[in-house]
Amino acid sequence: MIVTIDGPAGSGKSSAARLLAARLGFDYLDTGAMYRAVALALTRRGVDFADLPAVEAVLAGVQIEMPPGHVFLNGEDVSGAIRSPGVSQGASKVAVIPAVRRFLAAAQRRVATGRSIVCEGRDQGTVVFPDAGCKFFLTADPRVRAERRYHELVVKGETVTLHDVLTAQEERDARDASRELGPMHPADDAVIVDTTHLTTDAVLARLEEVVRRCPTART
Ligand code: DC
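Position in the sequence shown (from 1) plus 679 gives the number in our numbering.
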């Protein structure tokens, strides 16, 4: 069975997806990490994202592996490197490129084949797994989302202001929601959860309750 969790940055979907997967005994796929890895690969090679032949040439050599808790790009552990604010913006920019979306959607379907898995991203319930057994779209007030992200970055030792985080978030949300292919929006059959006033535990309890009521939840 596939459970999809889509939504914007800071909506709490990563923690919820990871914890829900653990609670259900499912695998977990963070598809944002895949876009981040591709952005890092292109940036390191100095590729202009508008140069499609160059983007495709790099994609042909990209291998992403994601054992629990880690992301490897062509054998190198890039788990920390892909979380910088620069890579966040880069990931949102490469996510507009159809060749990148096709490449990663195919990889995501390969990973999920034959597994019970929670897949988290922007287009999981709408494009990649339209037949998923259970779909969620998490959302939250933009200022609260920015505050969550700001605290995460401060804990990691980044020098940022809340204003910068909010501005970058608005830019990324607008790009993610307006692109032609796989724009971020809830699937028609997704359960929408507003996490603005919910703790992680409360979000998790709500998601688990819905999944356990899904007809395919025991497969
Ligand atoms: O979830 P995240 O912040 O790690 O995602 C980084 C970027 O990747 C996000 O701004 C848009 C893109 N993305 C996407 O387009 N589709 C997905 N399924 C996951 C992420």
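Where a beta carbon is used, it is the ideal one built from N, C-alpha and C, also for glycine. Note that the structure is a prediction, hence the values are computed from the model and not measured.
For a quick check, are the C-beta atoms of residue i and residue j less than 9 Å apart?
i	j	result
R824	S690	yes
A847	Q787	no
T710	K814	no
Y707	P747	yes
L699	L886	yes
I761	F728	no
Y829	A770	no
A733	R723	no
E831	L841	no
P821	D843	no
A774	G861	yes
Starting from residue i, follow its DSSP beta bridges and name the residues at the other end.
i	result
D855	The partner list for D855 (beta bridge, DSSP) is empty, contrary to what the question assumes.
T683	C798 and K814
F751	E744 and D756
L877	BP columns for L877 are empty, so no partner.
Y829	None; Y829 has no bridge partner.
V839	DSSP output for V839 lists no bridge partner at all.
L708	C798
V870	F815
So residue i and residue j are supposed to be a Cβ contact under 8 Å. How far apart are they, rounded?
i	j	result
L783	V726	Contact doesn't hold; Cβ gap of about 16 Å is too wide.
A819	T875	4 Å
F816	A869	4 Å
A866	T792	Actually they are not in contact, since the Cβ atoms of A866 and T792 sit about 20 Å apart, beyond 8 Å.
D685	R801	5 Å
A812	C893	Checking the sequence shown, residue 812 turns out to be Gly, not Ala. About 5 Å; that satisfies the 8 Å criterion.
S758	V766	Rounded, the Cβ-Cβ distance is 12 Å, inconsistent with contact.
Please report the straight-line C-alpha distance between residue i and residue j, rounded to a whole angstrom.
i	j	result
S857	M863	8 Å
T879	A696	11 Å
R891	I796	14 Å
L803	D810	Before going further, note that residue 803 is Gln rather than Leu in the sequence given. Approximately 10 Å between the Cα atoms of the pair.
R897	R702	Annotation note: pLDDT 48 at R897 (below 50); position unreliable, no value reported.
Q742	D730	20 Å
E799	D873	16 Å
V854	K772	Inspection of the sequence shows that residue 854 is occupied by Arg rather than by Val. Straight-line Cα distance between these residues: approximately 8 Å.
P687	V790	23 Å
P764	E744	22 Å
L883	F705	14 Å
E755	A712	14 Å
T838	T895	45 Å
A736	R794	31 Å
I871	V889	11 Å
I676	F808	A question about residue 676 goes unanswered here, because the residues of the chain that appear run from 680 up to 898.
E849	N753	32 Å
L719	L845	22 Å
A881	E859	34 Å
V833	L877	22 Å
Do we get a CB-CB distance below 9 Å when we pair residue i with the residues of chain D?
i	result
S857	Of the chains in the structure shown, none is chain D; there is only one protein chain.
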